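Chains W and Z, in that order, give the protein sequences.
First residue of the first sequence? That's 637 in our numbering, and the numbers climb one at a time after it.
First residue of the second sequence? That's 637 in our numbering, and the numbers climb one at a time after it.
For every residue, glycine included, the Cβ atom is placed at its ideal position computed from N, Cα and C.
Predicted model, so just to flag it, every value in this text is computed and none were measured.
2 protein chains.
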Amino acid sequence: MNIVLLDPRQTQSELWSITAQRQIEHLHTHLAVQVGDSLKIGIRGGKRYLTQIVEISENIIKVKPLKEDHIPEKLPVTLIVALPRPKVLRRLIMDAVTLGVERLILIHSYRVDKSYWQTPFLQQLDHYVTLGLEQAGDTIAPKIELYKRFKPFVEDVLPTLISEQSPAFVAHPYTEEKMPFAIEHPCTVIIGPEGGFIPYEIDLLIKNGCQAVSLGNRIIRTETVIPYVLGRLFSTT
Amino acid sequence: MNIVLLDPRQTQSELWSITAQRQIEHLHTHLAVQVGDSLKIGIRGGKRYLTQIVEISENIIKVKPLKEDHIPEKLPVTLIVALPRPKVLRRLIMDAVTLGVERLILIHSYRVDKSYWQTPFLQQLDHYVTLGLEQAGDTIAPKIELYKRFKPFVEDVLPTLISEQSPAFVAHPYTEEKMPFAIEHPCTVIIGPEGGFIPYEIDLLIKNGCQAVSLGNRIIRTETVIPYVLGRLFSTT
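Given below as structure tokens:
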């Protein structure tokens with residue numbers, strides 16, 4: 637937690653109130669905060685401030701805003717990922733948010749276990765978005781969308797995301813073309829499930845405007861490949 | 637598990653025997669293997685082969701080697717990381733191995749909790765190395781070293797790793813210089829603990845030949861920053 641994210645409702649009087657138990661515990665345990673300390677606060681969907689702690693009690697910490705602070709920029713990327721198992725999903729959401737992904741789309745695919753769509757985590761995405769924002773020092777949540785049917789998504793939605801200025805790359809081990817690097821334009825990146833997309837899916841993605849590109853001959857887990865690809869693509873930022 | 641890693645002892649007769657319960661279970665549960673299926677086998681520290689399954693019983697799967705296969709290349713990088721908490725350590729080891737890090741050094745630092753050095757995981761590193769190799773399809777374990785004292789490491793060991801042809805970069809948020817990208821030479825990368833290196837440590841690293849470089853103004857967790865940095869540095873591979 638590198639900033640404390642507050643709801644706009646919590647920042648409408650002169651002093652702002654931190655009341656979430658999770659945040660208060662973190663401030664006590666990890667930062668041992670005291671009255672007078674400075675603290676970075678983000679307003680969800682809004683600005684970020686440097687503040688000073690003016691009051692600490694058991695269930696509330698009050699701060700006074702001092703000055704506006706910079707919000708980190710987003711990466712101009714739409715990340716499309718075949719829904720992973722629930723444990724991986726949590727990390728994936730947090731990491732995508734921390735790294736600054738603008739838009740995240742979770743899709744079905746042949747090798748995605750149907751039970752994954754039943755996980756309670758899908759109802760708690762917002763919590764993991766908050767954790768990711770607080771890690772990064774960001775305040776703006778990415779758009780997250782879910783598509784439970786592969787073909788309609790690829791045929792009807794995906795083409796609307798692709799243009800000459802904003803290509804789409806699907807990571808695929810069995811191709812000569814390499815994933816680009818150090819790009820300076822927006823793009824869409826598509827990551828398959830453990831075991832990869834099946835040939836029918838790769839073909840459909842290519843038919844609908846995606847470029848299949850390789851990341852070399854190491855097979856990397858979904859949660860690891862996301863920072864790896866983003867670091868590679870946006871290395872000039 | 638994208639290859640099954642065997643000990644050289646298991647590959648000395650004409651047929652090779654998979655006997656580890658973990659591997660046999662995986663082959664049954666995830667791949668539903670049958671006699672006649674082909675299977676990728678790596679010999680730890682040696683070559684990688686395409687094999688065919690010739691016998692399946694409860695506690696043993698026997699395979700016949702068909703032909704030699706390619707081992708993925710390593711990244712020419714020495715990764716130095718302040719020892720993270722045990723849960724993060726497991727992922728970090730697996731990811732570093734999967735991504736092809738040649739040499740991994742875990743060090744102490746002011747913000748590393750001393751109790752982390754007592755974790756039983758440090759006695760099980762080899763298990764997580766195996767999982768990382770099996771994920772990547774690699775057979776060669778990286779060198780892993782542990783240094784429990786920061787100053788002697790930085791003053792006596794680190795300088796021997798650095799040369800004009802192989803610089804060392806320490807990720808540090810408060811610097812203008814950016815982490816390079818798309819490099820085509822070996823290097824050393826140093827990642828601090830949660831909360832970062834303290835100023836004394838950064839100064840000592842710089843005094844001993846490191847370049848402090850920034851990764852932008854998002855604060856990224858240790859386990860996420862490693863693939864992010866490696867993707868950025870070695871994007872031409």
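Within 9 Å, strictly: CB atoms of residue i and residue j
i: residue 663 of chain W; j: residue 675 of chain W; result: yes
i: residue 610 of chain W; j: residue 737 of chain W; result: Nothing in the structure corresponds to residue 610 of chain W, since chain W is present only between 637 and 873.
i: residue 768 of chain Z; j: residue 684 of chain Z; result: no
i: residue 816 of chain Z; j: residue 869 of chain Z; result: yes
i: residue 863 of chain Z; j: residue 758 of chain Z; result: no
i: residue 859 of chain Z; j: residue 765 of chain Z; result: no
i: residue 638 of chain Z; j: residue 639 of chain W; result: no
Coil, strand or helix - residue i by DSSP
i: residue 784 of chain Z; result: coil
i: residue 867 of chain Z; result: helix
i: residue 640 of chain Z; result: strand
i: residue 740 of chain Z; result: strand
i: residue 733 of chain Z; result: helix
i: residue 710 of chain Z; result: coil
i: residue 837 of chain W; result: helix
i: residue 685 of chain W; result: strand
i: residue 797 of chain W; result: helix
i: residue 760 of chain Z; result: coil
i: residue 771 of chain Z; result: helix
i: residue 745 of chain W; result: coil
i: residue 702 of chain Z; result: strand
i: residue 842 of chain Z; result: helix
i: residue 649 of chain Z; result: coil
i: residue 755 of chain Z; result: coil
i: residue 715 of chain W; result: strand
i: residue 860 of chain Z; result: helix
i: residue 660 of chain Z; result: helix
Minimum C-alpha distance to residue i - residue among the options
i: residue 848 of chain W; options: W:857, W:671, W:828; result: W:828
i: residue 660 of chain Z; options: Z:764, Z:648, Z:641; result: Z:641
i: residue 668 of chain Z; options: Z:677, Z:649, Z:697; result: Z:697
i: residue 795 of chain Z; options: Z:854, Z:823, Z:776, Z:832; result: Z:823
i: residue 787 of chain W; options: W:648, W:637, W:844; result: W:844
i: residue 717 of chain W; options: W:756, W:699, W:806, W:670; result: W:806
i: residue 714 of chain Z; options: Z:764, Z:732, Z:646; result: Z:732
i: residue 756 of chain W; options: W:783, W:776, W:721, W:789; result: W:721
i: residue 852 of chain W; options: Z:677, Z:783, Z:727, Z:867; result: Z:867
i: residue 832 of chain Z; options: Z:739, Z:706, Z:861, Z:813; result: Z:861
i: residue 703 of chain Z; options: Z:677, Z:789, Z:695, Z:726; result: Z:677
i: residue 842 of chain W; options: W:638, W:798, W:775; result: W:798
i: residue 781 of chain W; options: W:771, W:649, W:775, W:793; result: W:793
i: residue 814 of chain W; options: W:839, W:850, W:836; result: W:850
i: residue 672 of chain W; options: W:647, W:701, W:649; result: W:701
i: residue 719 of chain Z; options: Z:741, Z:839, Z:836, Z:706; result: Z:741
i: residue 837 of chain Z; options: Z:706, Z:789, Z:649; result: Z:789
Inter-residue Cα distance where the pair is residue i and residue j
i: residue 729 of chain Z; j: residue 679 of chain W; result: 36 Å
i: residue 681 of chain Z; j: residue 791 of chain Z; result: 32 Å
i: residue 753 of chain Z; j: residue 857 of chain Z; result: 20 Å
i: residue 644 of chain Z; j: residue 762 of chain Z; result: 16 Å
i: residue 710 of chain W; j: residue 687 of chain Z; result: 46 Å
i: residue 819 of chain Z; j: residue 872 of chain Z; result: 7 Å
i: residue 656 of chain Z; j: residue 695 of chain Z; result: 8 Å
i: residue 739 of chain Z; j: residue 783 of chain Z; result: 14 Å
i: residue 670 of chain Z; j: residue 699 of chain Z; result: 11 Å
i: residue 653 of chain Z; j: residue 665 of chain Z; result: 18 Å
i: residue 771 of chain Z; j: residue 751 of chain W; result: 24 Å
i: residue 785 of chain W; j: residue 726 of chain W; result: 21 Å
i: residue 760 of chain W; j: residue 834 of chain Z; result: 35 Å
i: residue 706 of chain W; j: residue 775 of chain W; result: 10 Å
i: residue 647 of chain W; j: residue 658 of chain W; result: 18 Å
i: residue 839 of chain Z; j: residue 821 of chain W; result: 36 Å
i: residue 812 of chain W; j: residue 846 of chain W; result: 15 Å
i: residue 749 of chain Z; j: residue 865 of chain Z; result: 24 Å
Are the region 688-696 of chain Z and the region 786-802 of chain Z touching, with three or more C-beta to C-beta distances below 8 Å? Short answer: they don't touch.
Using 8 Å as the threshold, is the region 824-838 of chain Z in touch with the region 744-762 of chain Z, meaning 3 or more CB pairs across them? Contact holds: three or more Cβ-Cβ distances are below 8 Å.
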